[in-house]
Every structure is written in C-alpha cells, then in structure tokens.
Amino acid sequence: MNIRYLLGPLLIICTLPVMASDYPLTLRSCDRDVTFHKAPQRVVVHDVNLTGMLLRLGLRERMVGYTGFDSVKHRDSWMDEALSDVPQLASRYPSIETLLEADADLFFAGWSYGMRVGGPVTPETLSPFGIAVYELTESCSRIMTQPRASLDDLYGDLLNLGKIFSVENRAEALVGELRERIDTVRTVVQQASDIPQVFLYDSGEDRPTTSGRLGMPQALIEAAGGNNVMGDVSASWTQVNWESVVERDPEVIVIVDYGPRSWQQKRDFLMQHPALQAVRAIRNQRFIVLTYIEVTPSVESALAVEKIAAGLHPQLFNGAPR
Numbered sequence: 263m264n265i266r267y268l269l270g271p272l273l274i275i276c277t278l279p280v281m282a283s284d285y286p287l288t289l290r291s292c293d294r295d296v297t298f299h300k301a302p303q304r305v306v307v308h309d310v311n312l313t314g315m316l317l318r319l320g321l322r323e324r325m326v327g328y329t330g331f332d333s334v335k336h337r338d339s340w341m342d343e344a345l346s347d348v349p350q351l352a353s354r355y356p357s358i359e360t361l362l363e364a365d366a367d368l369f370f371a372g373w374s375y376g377m378r379v380g381g382p383v384t385p386e387t388l389s390p391f392g393i394a395v396y397e398l399t400e401s402c403s404r405i406m407t408q409p410r411a412s413l414d415d416l417y418g419d420l421l422n423l424g425k426i427f428s429v430e431n432r433a434e435a436l437v438g439e440l441r442e443r444i445d446t447v448r449t450v451v452q453q454a455s456d457i458p459q460v461f462l463y464d465s466g467e468d469r470p471t472t473s474g475r476l477g478m479p480q481a482l483i484e485a486a487g488g489n490n491v492m493g494d495v496s497a498s499w500t501q502v503n504w505e506s507v508v509e510r511d512p513e514v515i516v517i518v519d520y521g522p523r524s525w526q527q528k529r530d531f532l533m534q535h536p537a538l539q540a541v542r543a544i545r546n547q548r549f550i551v552l553t554y555i556e557v558t559p560s561v562e563s564a565l566a567v568e569k570i571a572a573g574l575h576p577q578l579f580n581g582a583p584r
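Residue numbers (this note's numbering): 263 to 584.
Laid out in structure tokens, this is it:
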C-alpha cells in the first residue's frame with residue numbers, strides 16, 4: 263500500500279505552516295512545572311500511543327529513539343513505516359543509561375508508561391543529566407489526586423506538545439479533528455433511548471484487569487454513550503473481583519486486543535467462565551474489540567469512541583467502523 267495513503271493525516275498536518283512558541287516556556291506536568299528554553303531536538307518516547315502523538319504532529323525527525331514496543335501491542339502499519347529509520351532503544355522500560363547513550367534532551371513518557379513510582383527513571387533522577395520529562399496527563403493519577411479521566415487530558419497533552427516543539431498550529435489542527443469526530447458521536451448517541459452498562463476486560467483469569475474512572479476507557483465509554491460499570495472504582499488500570507462484575511451485570515464487554523492471548527481467546531474464556539453465565543453481555547454475546555493504542559490516550563481515541571458507539575448503539579451507526 264502506498265505510504266502516502268498510510269500517512270495521509272500525518273502529511274496533511276506536516277504541510278501546515280509552523281507557529282513559533284515563545285521561550286522560555288513553562289508548562290504544568292502532573293504536580294510540577296517544567297521549563298523549556300528551546301524546542302527539544304533529541305526526543306525519546308515511550309509506548310506506541312505516545313509515539314503516535316509525536317508522529318501525527320510531524321515530529322519524527324526529532325525522535326532519536328523509542329521504547330516500550332513489543333509484539334503484543336498491536337499498531338497500524340503506518341506507524342511501523344514511519345519508524346523504519348528510528349531505533350527501538352528498549353523493548354520495555356528504558357534505563358537512565360539508555361537515555362544518556364541516546365543523548366536525549368526530552369523523555370516523553372508517563373507513570374506506568376515508561377516510569378514507575380520509586381523506580382530508577384523519573385523526572386527527578388533525569389533532571390541532573392539535563393533530560394526534561396513531560397508526563398502523560400492520564401497517568402498522573404498514579405502520583406497525585408486526579409478527577410475522572412477526560413478527553414480534555416488528551417487534548418491538553420497534544421496542545422502542550424505543540425507548544426513544547428513550537429508546532430502549535432499542527433497540534434490545534436489535530437485536536438480540532440479529534441474533537442469534531444468525537445463531538446459528532448456525542449450528538450448521535452443523545453438520540454439513544456438507553457445508556458448500556460459496559461465492562462472493559464483487559465486480561466486476567468483469577469481476577470480481571472480493567473479500568474476504573476481514572477483510566478482513559480472511562481472517558482471513551484462515556485463519549486460513546488455508555489456507562490463504565492467500574493466507574494465507581496477510584497483507579498486507572500486495576501484488578502477487581504469477578505463477583506463485582508457479576509453484581510454490575512454489564513450488557514456489553516469491551517475486550518482489549520493486547521497481551522499474549524488473542525481477543526478471541528479472551529472472548530472464549532469469558533463465554534466459558536462459570537460465574538459469568540447469567541451476565542447479560544455473555545448471554546447475548548455482545549463484545550466490542552479495541553486495540554491497545556485505542557484504549558490508551560492516543561490519536562486513535564476518536565476511532566475508539568466511534569467503534570464503541572457503533573457496538574453500543576448499532577441502530578444509530580449503520581456502516582460505522584467496527
């Protein structure tokens with residue numbers, strides 16, 4: 263397939279004229295201020311969803327490496343082609359030495375997205391080496407009190423990246439595109455007569471891993487006209503008990519196509535689970551499948567909302583993405 267087709271949105275954004283930021287520039291990142299005296303030139307980014315943000319903003323030439331990709335994180339071929347000449351520095355989390363060897367001046371990451379609380383790589387440990395860190399806003403709930411997840415978190419990160427790299431107009435165009443698509447879905451689902459109860463299943467057999475109200479799936483499900491049955495859980499990605507799933511009796515289950523088990527294997531496991539046989543989603547076999555990049559904060563969030571809405575309200579979205 264022609265790479266121009268694969269990179270269509272990226273190429274369109276790259277052709278926009280660049281709007282210069284004023285430096286020094288100070289922005290809020292989680293619970294701290296981070297100051298940039300010029301646009302970063304040597305960026306290392308963690309995970310496929312954060313990498314997609316930089317690529318869609320036309321910043322591939324600023325990337326000296328990426329980390330956190332592995333075979334179980336599904337991604338579109340456009341990303342692989344865009345990264346063909348960018349090295350993967352670590353298949354999991356990078357070390358300080360990894361970032362120093364790359365001569366990075368910015369690490370774009372998040373908590374549980376390249377950094378662990380109390381781990382060796384944090385904004386504090388990188389500061390003495392002159393490596394700035396910008397943190398994914400959704401991940402800030404790991405280190406500070408956060409309200410429920412919101413798509414505004416994603417929009418804010420994209421706009422901040424636009425300021426950091428002095429490509430504000432590109433960021434505004436991208437956010438405008440995402441907003442328009444998601445707002446279109448919001449308008450359509452207002453016509454629905456009900457709000458389906460939704461459970462997100464990531465993985466786990468003894469206890470399921472899901473997302474509470476602090477994870478991006480909360481915002482995606484709400485925008486698509488559904489209710490996250492674990493929205494009362496004050497956590498991002500977390501484990502719950504099967505009993506709590508049964509009690510909430512979801513009508514639809516969103517399966518994350520991620521990890522060593524295929525989404526079909528996950529579906530079959532759920533269908534055969536003795537405790538779930540009375541759950542409406544199992545009885546009616548109502549499943550929606552999303553990839554890893556779609557359920558995390560990313561440039562695919564609009565697509566995720568469209569797919570969830572089509573699965574929750576098929577009568578309103580004939581011919582919508584699935």
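Backbone N, C-alpha and C fix where the C-beta goes; we use that ideal spot for every residue, glycine too. All values derive from a computational prediction rather than experimental measurement.
Subject >> Simplified DSSP assignment, three categories, for Ser-357 >> reply: coil
Original post:
The alpha helix (DSSP H) with Arg-294 in it runs from where to where?
Top reply: Counting along the chain, Arg-294 falls outside any alpha helix (DSSP H), though it belongs to the beta strand (DSSP E) covering 294-298.
Subject >> Reduced DSSP secondary structure (H/G/I, E/B, other) of Asp-464 >> reply: coil
**OP:** Consult DSSP for Ile-265 and reduce its assignment to one of helix, strand or coil.
**Re:** Since pLDDT at Ile-265 reaches only 34, below the 50 mark, its modelled position is unreliable, and no value is offered.
Subject >> Contact belief for Phe-427 with Tyr-396 at Cβ below 8 angstroms, rounded distance in angstroms >> reply: Not confirmed; about 10 angstroms, so no contact.
Original post:
Excluding sequence positions up to five away, which residues of its chain have a Cβ less than 6 angstroms from the Cβ of Glu-513?
Top reply: Pro-458, Gln-459, Arg-542, Ala-543
Original post:
Should the region 382-396 be called in touch with the region 294-311, which here means at least 3 C-beta pairs below 8 angstroms?
Top reply: As far as the Cβ criterion goes, the region 382-396 touches the region 294-311, which means the pair count is three or higher.
Original post:
Do you know offhand how far Ala-435's Cα is from Pro-522's?
Top reply: 36 angstroms
Subject >> Separation of Glu-359 from Arg-324, as counted between CA atoms >> reply: 20 angstroms
Original post:
Roughly how many whole angstroms lie between the Cα atoms of Pro-390 and Thr-384?
Top reply: 11 angstroms
Original post:
Is Tyr-375 helix, strand or coil when you go by DSSP?
Top reply: strand
Subject >> Per DSSP, cross-strand counterpart(s) of Ala-394 >> reply: Leu-368
Original post:
In the region 525-572, which residue ranges form an unbroken alpha helix (DSSP H) of at least 4 residues, counting only runs that do not cross its ends?
Top reply: 525-534, 542-545, 554-557
Subject >> Nearest to Cys-292 (by Cα), restricted to the options Arg-354, Phe-298, Gly-381, Ser-403 >> reply: Ser-403
Original post:
Is the beta carbon of Asp-367 less than 8 angstroms from the beta carbon of Thr-399?
Top reply: no
Original post:
Can you name the start and end residues of the beta strand (DSSP E) that Asp-415 belongs to?
Top reply: It is not in any beta strand (DSSP E) - Asp-415 instead sits in the alpha helix (DSSP H) that spans 413-426.
Original post:
Can you give the beta carbon distance from Val-348 to Arg-322, rounded, assuming they're within the 8 angstroms contact cut?
Top reply: Taking a contact as a CB-CB distance under 8 angstroms, the pair Val-348 and Arg-322 counts as one, their CB atoms being some 7 angstroms apart.
Original post:
Skipping 5 residues on each side, what residues in its chain have a beta carbon closer than 6 angstroms to that of Gly-327?
Top reply: Correct list, in chain order: Val-306, Pro-349, Leu-351, Ala-364.
**OP:** Look at Leu-538 and Val-516 and say whether their C-beta atoms are less than 8 angstroms apart.
**Re:** no
Subject >> Close Cβ partners of Lys-528 (< 6 angstroms) along its chain, the five nearest in sequence each way excluded >> reply: Ile-517
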